[in-house]
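With the numbering used here as the guide, the letters of the sequence shown map in order to residues 2 to 180.
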Amino acid sequence: EYNDDSREEIKRQEKERLNYLIEKVNSGEATSDEHFILYIGMRGEAEFSDEERKRYENLTIQSLEKDISNGYSPANANYLLSLIYSLKRDDEKALLYINNAINIEPNNTKLYLKRAEIYKECKQMHLAMLDYAMAKKLNPAYYKSYVEEQKRYTISFLRPVIVSFIIISIFILIFFFLR
C-alpha cells in the first residue's frame with residue numbers, strides 16, 4: 002500500500018523519466034521503443050497539452066514506420082503501431098498493423114491475443130475466438146497467464162458494481178419490509 006509521500010515520489014520519478022525521454026526525442030537520439038514509452042506516458046499526464054500529445058504521437062508513428070521501412074524489428078514496430086491505433090480506436094489501421102506483425106512472426110502468441118482483442122472491439126467474436134484458439138495452441142502457458150490476468154482485471158472492475166448492486170438490493174428489501 003502506498004502513502005501520499007510515496008505516490009508523490011512515484012509521480013516525480015515518472016515526470017523526470019518523461020522529461021528525459023522528451024529530451025531524447027527532441028534531440029533525435031530516441032529509439033522507437035523510447036518514442037512509444039513517451040507516447041504511452043504522456044497519455045496519462047494532464048500536464049501535457051493535446052497539441053504536445055499529438056506531436057509526440059506523430060513522432061512515434063513516424064519512428065515506428067521508419068523502423069519498418071529499414072527492416073529494423075518490423076514485427077515489434079507493427080505491433081506497437083497496432084497498439085497506438087487501438088488506443089485511438091482506429092480498428093482498421095490496428096488490424097492492418099497487427100496482421101503485418103503476424104505475417105512476420107506467425108508463431109508469436111501475444112500477436113494473436115492482441116488481434117483477438119481488436120476483433121472483440123470490432124464485434125467480430127468468431128474471429129476473436131479463432132485467434133484465442135491459435136494463441137492457446139501456440140503457447141498454452143502464456144495463454145493461461147493471459148486469461149488469468151483478464152479474469153483479475155474483470156473481477157477488480159466488477160467488484161464495485163457488484164457491491165453497489167448488493168447494497169441497493171438491501172435498501173430496496175428494507176424499504177419494502179418496513180412498509
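From the three backbone atoms N, C-alpha and C, an ideal C-beta is built for every residue, glycine too.
{"Check": "Range of the contiguous alpha helix (DSSP H) that encloses Arg-18", "Outcome": "5–28"}
{"Check": "Beta-carbon spacing of Met-130, Ala-142 below 9 Å", "Outcome": "no"}
{"Check": "Whole runs of the alpha helix (DSSP H) within the segment 36–89, excluding any shorter than 4 residues", "Outcome": "51–71, 75–88"}
{"Check": "Three-state secondary structure (DSSP) of Lys-138", "Outcome": "helix"}
{"Check": "Straight-line gap, Ala-134 to Asn-101 (C-alpha atoms, nearest Å)", "Outcome": "19 Å"}
{"Check": "CA-to-CA distance, His-127 to Glu-149, given in whole angstroms", "Outcome": "21 Å"}
{"Check": "Cβ pair count under 8 Å reaching 3, the segment 52–69 against the segment 5–15", "Outcome": "no"}
{"Check": "Three-state secondary structure assigned by DSSP to Ala-31", "Outcome": "coil"}
{"Check": "Residue from Thr-32, Asn-27, Leu-22 whose Cα sits closest to the Cα of Met-43", "Outcome": "Leu-22"}
{"Check": "Closest Cα partner of Ile-103 within the set Glu-93, Pro-75, Ile-85, Ser-70", "Outcome": "Pro-75"}
{"Check": "Where the alpha helix (DSSP H) containing Lys-111 begins and where it ends", "Outcome": "110–122"}
{"Check": "Beta-carbon separation (whole angstroms), Ala-95 vs Tyr-86, contact threshold 8 Å", "Outcome": "4 Å"}
{"Check": "C-alpha gap between Lys-67 and Tyr-147, whole angstroms", "Outcome": "31 Å"}
{"Check": "For Lys-115 and Leu-1, the rounded distance between their alpha carbons", "Outcome": "Since the first residue of the chain shown is 2 and the last is 180, residue 1 is not available in this structure."}
{"Check": "Asn-27 versus Ser-70 - alpha carbon distance", "Outcome": "22 Å"}
{"Check": "Three-way DSSP call (helix, strand, coil) for Gln-151 in this model", "Outcome": "helix"}
{"Check": "Short Cβ contact (9 Å threshold) for Leu-82 with His-36", "Outcome": "no"}
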